[in-house]
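J.: Can you keep this structure in mind? I'll have questions shortly.
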Amino acid sequence: MRWLLSGPALLLVAVLAGPAWARQVNLPSGNPIAGVDIPGDWKTSATRRGVEVRSPDEEVFFWIEVYLPADQAAVSGEHERYFAKQGVKVTGEPTISRSEEGGVKVQATAFPATWKGDPTVLRYLAINPGLPSGNLVLISYWASPDGDKAHDAAFGKILRSLGPPK
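Note that the sequence shown covers residues -22 to -1, 1 to 144 in mature numbering (1 follows the signal peptide of the UniProt record, and there is no 0).
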């Protein structure tokens, strides 16, 4: 069973996705508790807690990481330092929304931000799949506005593929 998509809808996504979506990445790679399908032409690099992913044109960049609640401050701090080092500036208060479906809790946080003085897309998805281990999943997403639009469908497929490792 998938955390975010199940049944006929999952089958439809799998059929429509085609062979380019066949590459599953397990998170973390050493002792996986989650898996996600990444398009074949997207670049991936394993991290200690998950995977770093870049679109082919490098307009979209995100991490998917698995961590314990006790590590929340450390994980958030790493991402904040990375974005600050890259020159991303948060320009206001975030917009936060929460949802729950099938026992999976999701908090989406979108920050108004700029990079080199121009608007940029900076979002976080904190996912609590309700695992016995207590592990959580964090997706940290950074994109140009054009890249965000161009890769919206592909990123949506990636999100919907998130579930138990295969």
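C-beta atoms are modelled at their ideal positions from N, C-alpha and C, and glycine is treated no differently.
1) Do you know how far the Cα of I136 is from the Cα of P17?
2) How would you label L(-11), buried or exposed, when you count the other beta carbons within 10 angstroms and need 16 or more for buried?
3) Would you list the one or two residues that DSSP bridges to T69?
4) Identify every residue that forms a DSSP beta bridge with L100.
5) Using 8 Å as the cut-off, can you tell me whether the stretch 86 to 95 makes contact with the stretch 108 to 116, which would need three or more C-beta pairs spanning the two stretches below that distance?
6) Need the endpoints of the alpha helix (DSSP H) that G134 sits in, please.
7) Quick check: the Cα distance between S23 and P34, rounded to an integer number of angstroms?
8) When we look at the beta-carbon of P107 and count the other beta-carbons within 10 Å, is it buried (16 or more) or exposed?
9) Taking the Cβ atom as the reference point for each residue, do S118 and H57 lie within a distance shorter than 7 Å?
10) What is the rounded straight-line gap between the Cα of W120 and the Cα of P72?
T.: So, from the data block:
1) Position 39 of the sequence shown holds residue 17. Position 158 of the sequence shown holds residue 136. About 8 Å.
2) Here residue -11 refers to the residue found at position 12 of the sequence shown. Because the pLDDT of L(-11) is 37, which lies under 50, any placement of that residue in the model is unreliable, and the question is left without a value.
3) The count along the sequence shown starts at 1 and reaches residue 69 at position 91. Per DSSP, none; premise fails for T69.
4) The residue labelled residue 100 in the question sits at position 122 within the sequence shown. Note: L100 sits in a beta bridge opposite F89 and W120.
5) no
6) As a first step, residue 134 is located in the sequence shown; it is residue number 156 there, counting from the start. Segment D130 to S139, the alpha helix (DSSP H) holding G134.
7) For the purposes of this step, residue 23 is identified with residue 45 of the sequence shown, where counting begins at 1. For the purposes of this step, residue 34 is identified with residue 56 of the sequence shown, where counting begins at 1. Spanning the two alpha carbons is a distance of roughly 13 Å.
8) Here residue 107 refers to the residue found at position 129 of the sequence shown. It counts as buried.
9) Start at 1 with the first residue of the sequence shown, and residue 118 comes out as number 140. Start at 1 with the first residue of the sequence shown, and residue 57 comes out as number 79. In contact: S118 and H57 (Cβ atoms closer than 7 Å).
10) As a working note, residue 120 is residue 142 in the sequence shown. As a working note, residue 72 is residue 94 in the sequence shown. Cα-Cα distance, rounded: 14 Å.
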